[in-house]
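K.L.:
Each residue of the sequence shown is one higher than the one before, counting from 281 in my numbering.
Where a beta carbon is used, it is the ideal one built from N, C-alpha and C, also for glycine.
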Amino acid sequence: MNREKRSALVRLAAWIILIGYGACLLYWMFVGFGRTALSSGDLSYNLIPLRTISDYFLHYQSITFRTWAINIIGNIGVFVPIGAAMPVVFPKCRTYFPFLGRFAVAIVVLETLQTFLRAGSGDVDDLILNAIGASAGYILYKLYARATNKDPLNEDGNFSA
281 MNREKRSALV RLAAWIILIG YGACLLYWMF VGFGRTALSS GDLSYNLIPL RTISDYFLHY
341 QSITFRTWAI NIIGNIGVFV PIGAAMPVVF PKCRTYFPFL GRFAVAIVVL ETLQTFLRAG
401 SGDVDDLILN AIGASAGYIL YKLYARATNK DPLNEDGNFS A
């Protein structure tokens, strides 16, 4: 398969992952898990880093495993595919800090919307956990590129770290 065709197929697959999986994430953040948008009531948010995460670890015995897993493992795991797909779709995300910056901006916007729509709580710890998951996906992308000695989009083997 020639380079252009291969690159187009890889990009198409990554776009499908970003759009399809992104739609699922939006559903989970704003509708899933019994969430409803409220027009009134107090805003729920946490701006203190590691507060919620530490509570989940310090008070694990009083939290169901399901709640713990959704909030800790889920907030990490669901963003791994996004972290792997972003560098394929967006060339500027092929280096880590531009990738992380763009990802963080998107999550801050979503967490802010979630707070003001009262469809959940905005939590800086969600940003931290989401960034860990996206970073794991980014690392998988880079490991694949290094293991194959080429960027997934570059047939000639040139890899730019």
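Using CA coordinates, which residue listed in Ser342, Ile408, Gly321 and Gly312 is at the minimum distance from Phe359?
P.N.:
Cα-wise, what sits closest to Phe359 is Ile408.
K.L.:
Could you check if Gly314 is buried or exposed, using at least 16 other CB atoms within 10 Å of its CB as the buried criterion?
P.N.:
Exposed, by the Cβ-count rule.
K.L.:
Is Asn429 helix, strand or coil by DSSP?
P.N.:
Reduced to three states, the DSSP call for Asn429 is coil.
K.L.:
Specify whether the segment 292–305 and the segment 366–373 touch according to this definition: at least 3 beta carbon pairs, one from each stretch, less than 8 Å apart.
P.N.:
A contact exists between the segment 292–305 and the segment 366–373.
K.L.:
Under 8 Å, do Gly413 and Gly321 count as touching if we go by C-beta distance?
P.N.:
Contact flag unset, no.
K.L.:
Between the beta-carbon of Leu330 and the beta-carbon of Asp405, is there less than 8 Å?
P.N.:
Closer than 8 Å, so yes.
K.L.:
Since Ser378 is in the alpha helix (DSSP H), which residue starts that stretch and which ends it?
P.N.:
The question names Ser, yet the displayed sequence has Pro at residue 378. Pro378 -> alpha helix (DSSP H) spans Tyr376 to Phe396.
K.L.:
Starting from Gly302, trace the alpha helix (DSSP H) both ways and give me its first and last residue.
P.N.:
Note, Gly302: alpha helix (DSSP H), Gly302 to Phe310.
K.L.:
Taking DSSP's pairing of strands, which residues face Asn326 in a bridge?
P.N.:
Asn326 is bridged to Asp403.
K.L.:
Assuming the contact rule is C-beta atoms closer than 8 Å, Pro361 and Gly312 should be a hit. Round their C-beta distance to whole Å, please.
P.N.:
With 8 Å as the limit, Pro361 and Gly312 do not qualify as a contact, their Cβ atoms being about 17 Å apart.
K.L.:
Tell me the DSSP secondary structure of Arg315 in three-state form.
P.N.:
Correct three-state label for Arg315: coil.
K.L.:
DSSP three-state label for Asn282, please.
P.N.:
DSSP places Asn282 in coil when its eight states are reduced to three.
K.L.:
Is the segment 327–347 touching the segment 379–391, taking contact as three or more C-beta pairs under 8 Å?
P.N.:
Result no; under three Cβ-Cβ pairs closer than 8 Å.
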